[in-house]
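Numbering (this note's numbering), first residue to last: 34 to 207. What follows is a single structure, written as structure tokens, with notes after it.
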């Protein structure tokens, strides 16, 4: 055991801490991935933030680490009420689009629709909009659902949210 949870604690909440070092260890030894994944269930919000960051880094290098955990992301991680887990969810499922089943994609869409409707964090909104927008190119019903939400978000006071929503509205043709 590498004691990842302890090593991910502390420091400034916006810093990566030991995340990069831990990612390198996991990429060298796949058997360590489960220990890192289980740090999502830490009581420490900073640990969960750093685990999310680690998942993105690992997924960009080798998606095969994440694919056995897709159902756990859907059934467990998506229920963690923390912005970083929700924006990472959207990013990971976009990254894993070719690896997920149709049912897993449907389940992920339900989760992201909920997040777009109920979350207020600007990064969650931006990342979720991006994934749903890209997926809506192949799913007319998703495009129809997304349109009014983009209209609502185009009026958001935060420029990054409103600009992204306006950009996607300009592209979506109903």
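Just so it is clear, CB atoms sit at the ideal spot from N, CA and C, and this is done for glycine as well.
I'd like the span of the alpha helix (DSSP H) that includes residue 192, first residue to last. For the purposes of this step, residue 192 is taken as residue 159 along the chain shown, with counting starting at 1. Segment 192 to 204, the alpha helix (DSSP H) holding residue 192.
Identity of the residue in 71, 65, 76 and 90 nearest residue 53 by Cα: As a position in the chain shown, residue 53 is number 20, starting the count at 1. When the alpha-carbon of residue 53 is set against those of 71, 65, 76 and 90, the nearest one is in 90.
I believe residue 161 touches residue 145 by the beta-carbon criterion, under 8 Å. Please report the beta-carbon distance rounded to the nearest angstrom. Here the question's residue 161 lines up with position 128 in the chain shown. Here the question's residue 145 lines up with position 112 in the chain shown. Confirmed, Cβ separation roughly 5 Å.
Go ahead and label residue 204 buried or exposed: buried means 16 or more other beta carbons lie within 10 angstroms of its beta carbon, across all protein chains shown. On the chain shown, residue 204 is found 171 positions in, with the first residue counted as 1. Answer is exposed; the Cβ neighbour count stays below 16.
Taking the alpha carbon of residue 63 as the point to measure from, which residue in 45, 39, 34 and 50 has its own alpha carbon closest? Translated into the one-based positions of the chain shown, residue 63 becomes position 30. The residue with the shortest Cα to Cα distance from residue 63 is 34.
Close-in-space but distant-in-sequence residues of the same chain around residue 166 (CB under 6 Å, 5 per side omitted): Sequence index remark: in the chain shown, residue 166 carries index 133 (1-based). Result list for residue 166: 201, in chain order.
Within the same chain, show all residues whose beta-carbon is closer than 7 Å to that of residue 68, passing over the 5 residues directly before and after it, in chain order. On the chain shown, residue 68 is found 35 positions in, with the first residue counted as 1. So the list reads 34, 35 and 37, once near-sequence residues are dropped.
Can you give me the Cβ contacts of residue 70 inside the same chain, cut-off strictly under 7 Å, excluding the 5 residues immediately before and after it? Translated into the one-based positions of the chain shown, residue 70 becomes position 37. Contacts found: 102.
Can the beta-carbon of residue 55 be found closer than 8 Å to that of residue 87? By one-based count along the chain shown, residue 55 stands at place 22. By one-based count along the chain shown, residue 87 stands at place 54. Cβ atoms of residue 55 and residue 87: closer than 8 Å.
Beta carbon of residue 123 nearer than 8 Å to that of residue 97: Residue numbering aside, residue 123 sits at position 90 when the chain shown is read from its first letter. Residue numbering aside, residue 97 sits at position 64 when the chain shown is read from its first letter. It is not a contact, given that the beta carbons lie outside the stated cut-off.
Residue 172 versus residue 108: straight-line alpha-carbon distance, rounded: Locating residue 172 in the chain shown gives position 139, counting from the first residue. Locating residue 108 in the chain shown gives position 75, counting from the first residue. Looking at the backbone, the Cα of residue 172 and that of residue 108 are separated by about 23 Å.
Alpha helix (DSSP H) containing residue 78: first to last residue? As a first step, residue 78 must be located in the chain shown, where it is residue number 45. Per DSSP, residue 78 belongs to the alpha helix (DSSP H) from 78 to 94.
In whole angstroms, give me the CA-to-CA distance for residue 136 and residue 199. Here the question's residue 136 lines up with position 103 in the chain shown. Here the question's residue 199 lines up with position 166 in the chain shown. Roughly 30 Å separates the two Cα atoms.
For residue 126, is the classification buried or exposed, using 16 other Cβ atoms within 10 angstroms of its Cβ as the cut-off for buried? Indexing the chain shown from 1 puts residue 126 at position 93. Counting C-beta atoms within 10 angstroms of its own C-beta, residue 126 has 16 or more neighbours from the protein chains shown and is therefore classed as buried.
Is residue 110 closer than 8 Å to residue 118 when the C-beta atoms are compared? Sequence index remark: in the chain shown, residue 118 carries index 85 (1-based). Sequence index remark: in the chain shown, residue 110 carries index 77 (1-based). The Cβ atoms of residue 118 and residue 110 sit closer than 8 Å to each other.
Taking the C-alpha atoms as reference points, what is the distance between residue 181 and residue 43? Translated into positions along the chain shown, residue 181 becomes position 148. Translated into positions along the chain shown, residue 43 becomes position 10. A straight line joining the alpha-carbon of residue 181 with that of residue 43 spans about 41 Å.
Below 6 Å CB to CB, which residues in the same chain sit around residue 186 once its five sequence neighbours on both sides are set aside? Start at 1 with the first residue of the chain shown, and residue 186 comes out as number 153. Exclusion of the five residues before and after residue 186 leaves 194 and 198 as the residues of its chain whose Cβ lies within less than 6 Å of its Cβ.
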